[in-house]
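Everything below concerns the one structure shown next.
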Amino acid sequence: MQNMLTLISNVFRLGNASKNVGARMVASTRSFADFTPQASFDVKKCELHRLEAGPSETAVLTREQGLQYYRTMQTMRRMELKADQLYKQKIIRGFCHLYDGQEACAMGIEAGINPTDHLITAYRAHGYTFTRGVSVREILAELTGRRGGVAKGKGGSMHMYAKHFYGGNGIVGAQVPLGAGVALACQYQGNNQVCVALYGDGAANQGQIFESFNMAALWKLPCIFICENNKFGMGTSVERSSASTDYFKRGDYIPGIKVDGMDVLCVREAIKFAADYCRAGKGPIVMELETYRYHGHSMSDPGVSYRSREEIQEVRSKSDPITMLKERMLSNNMASVEEIKVLTPSPTNKYTDRHTNIHIDTQTYRHRWSNSFFPSSFLHYLLPSSLPLGDRCRDQESDRGCGPVCDL
Ligand SMILES: Cc1ncc(C[n+]2csc(CCOP(=O)(O)OP(=O)(O)O)c2C)c(N)n1
Ligand SMILES: [Mg+2]
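Under the working numbering, the first residue of the sequence shown carries the number 88, and numbering increases by one thereafter.
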């Protein structure tokens with residue numbers, strides 16, 4: 088009986104977290120009172136450029152936040168591993184750039200800004216699409232070219248959008264001036280919102296980035312320019328492509344911060360600082376997130392010809408963002424091993440499958456593929472009512488769900 092009450096109370100208390108991104112309730116057999124409700128953690132000091140003081144070096148984490156961040160990052164990771172598998176099975180076609188390894192960047196940014204703030208990124212966009220509120224189901228449906236996808240199956244890996252999320256952009260660097268434009272709109276409307284414009288180290292030497300910096304500084308736009316430095320642009324290392332790899336200093340007259348992009352709490356504190364800076368009307372700020380991608384550039388790149396397997400293994404074992412958060416929570420008694428296990432994917436972990444909504448039957452994809460592949464999906468789009476019912480997505484209500492034909 089006592090156990091039952093404990094379980095129910097945990098479910099109710101954690102249920103409040105479900106309003107947040109990707110959050111759902113988790114039950115533990117331990118009493119809620121047994122856990123440390125919140126703890127402070129030291130995070131790596133950020134390097135600063137043209138700033139007297141920087142982000143906090145201490146981050147407070149509540150148990151609810153920790154579980155939510157852990158679950159969200161695990162979901163992103165698992166979604167990418169599923170996409171990898173579906174690609175190799177030729178069920179996902181075309182471009183596909185995976186984000187595993189970089190999860191702390193997307194999660195930390197989302198945790199430090201408001202849902203009404205704006206975000207635009209490059210083509211490595213699956214993680215941000217998820218943290219901006221799109222379901223795994225809609226993302227995978229998009230990747231597999233289905234009508235149930237977030238862009239009705241027409242955008243694919245690089246072109247997904249949501250409210251306050253402007254993609255998913257395939258032209259390297261081109262999203263940065265667009266982001267500055269969104270920030271200009273925020274300033275014009277006086278809504279106190281900011282825009283986060285992300286780009287990679289491979290884009291950081293482009294002229295249009297500096298033109299955007301100039302205008303943003305001149306007009307004091309509320310824009311956070313973020314360079315996700317994952318050490319490579321395709322197969323070229325940052326040392327080979329950039330005369331200066333201090334990407335946080337590249338704004339010259341714009342203040343900058345260099346942040347540990349593998350630590351979700353460090354990213355969260357830094358983005359909070361940057362957003363406060365912009366909201367105070369001080370103009371733009373540049374951030375460099377030091378991170379690492381585990382996969383190759385895209386699915387056609389095995390990712391081991393320009394770096395060693397040992398290098399990848401070392402990052403995985405020493406600074407994996409998900410493991411780091413897990414260890415923090417466990418060593419501070421903020422979660423139980425069972426809870427973490429429930430949130431950690433495994434082939435037999437049915438609860439996690441339902442929980443993350445990504446238990447995917449590959450056979451279903453294979454079987455249905457012909458129904459949703461161009462040109463038939465093109466006809467679905469143009470002539471939905473002229474096709475036999477069996478070929479159409481039957482979810483008439485939302486146009487988003489896949490319906491029985493594409494039962495993702
Ligand atoms: C204008 C333009 N030039 C070249 C390319 C080809 N290209 C695609 S990705 C890429 C590398 C970009 O690397 P980075 O910005 O570091 O992003 P990451 O892949 O590391 O996330 C290049 C050169 C392109 N898509 N657009
Ligand atoms: Mg890169």
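Ideal Cβ placement from N, Cα and C applies to all residues, glycine included.
Taking the alpha-carbon positions, what's the residue i to residue j distance?
i	j	result
Ala367	Met163	33 Å
Lys169	Trp306	43 Å
Ser423	Leu417	7 Å
Ala361	Asp339	16 Å
Cys282	Leu271	9 Å
Ala146	Val346	14 Å
Tyr84	Gln189	Only positions 88 to 495 of the chain appear in this structure, which leaves residue 84 out of reach.
Thr218	Cys192	11 Å
Asp350	Glu398	19 Å
Lys177	Glu197	32 Å
Phe335	Leu138	12 Å
Gly214	Ile344	23 Å
His184	Ala212	8 Å
Leu265	Lys241	21 Å
Glu426	Phe300	45 Å
Ile311	Ile179	33 Å
Tyr174	Ile409	24 Å
Phe297	Ser392	32 Å
Asp121	Asn419	11 Å
How far does the beta strand (DSSP E) with residue i in it extend, from its first residue to its last?
i	result
Phe188	One detail in the question is off: residue 188 reads as Gly in this sequence, not Phe. Looking at the DSSP string, Gly188 is not in any beta strand (DSSP E), and its letter there is neither H nor E.
Tyr286	Cys282 to Gly287
Ala146	Thr145 to Thr149
Ile179	Counting along the chain, Ile179 falls outside any beta strand (DSSP E), and DSSP gives it neither H nor E.
Ser127	Gln125 to Asp129
Cys310	Cys310 to Asn316
On the CB-based measure, 16 or more other CB atoms within 10 Å of its CB, does residue i come out buried or exposed?
i	result
Glu496	This structure cannot speak to residue 496, because the chain is shown only from 88 to 495.
Gly277	exposed
Tyr156	buried
Gly260	buried
Val223	buried
Glu356	buried
Glu414	exposed
His454	Model confidence at His454 stands at a pLDDT of 41, short of 50, so the residue's coordinates are unreliable; what they give is reported in the following sentence. Exposed is the call here.
Pro342	buried
Gly370	buried
Thr216	buried
Along the chain, where does the alpha helix (DSSP H) containing residue i start, and where does it finish?
i	result
Ile258	Taken as a continuous stretch (DSSP letters only), Ile258 belongs to no alpha helix (DSSP H), as it is neither H nor E.
Gln274	Gln262 to Gln276
Asn301	Gly294 to Leu305
Ser328	Val325 to Ser328
- Could I get the ranges of all uninterrupted alpha helix (DSSP H) runs contained in the region 341 to 427, with 4 residues as the minimum, in chain order? 351 to 366, 396 to 406 and 408 to 418
- Message: Within 8 Å, do at least three Cβ pairs link the region 204 to 212 to the region 252 to 259?
- Response: Yes: the two stretches touch, three or more of their Cβ pairs being nearer than 8 Å.
- Query: What are the complete alpha helix (DSSP H) segments, minimum 4 residues, inside the region 213 to 254?
  - Reply: Fully enclosed alpha helix (DSSP H) runs of 4 or longer: 213 to 218 and 223 to 230.
- Between the region 226 to 243 and the region 303 to 317, do three or more beta carbon pairs fall short of 8 Å? no
- Between the region 323 to 333 and the region 381 to 390, do at least 3 Cβ pairs fall closer than 8 Å? no
- Item | Given 8 Å, three or more beta-carbon pairs between the region 315 to 327 and the region 375 to 384 | Yes: at least three Cβ pairs fall under 8 Å.
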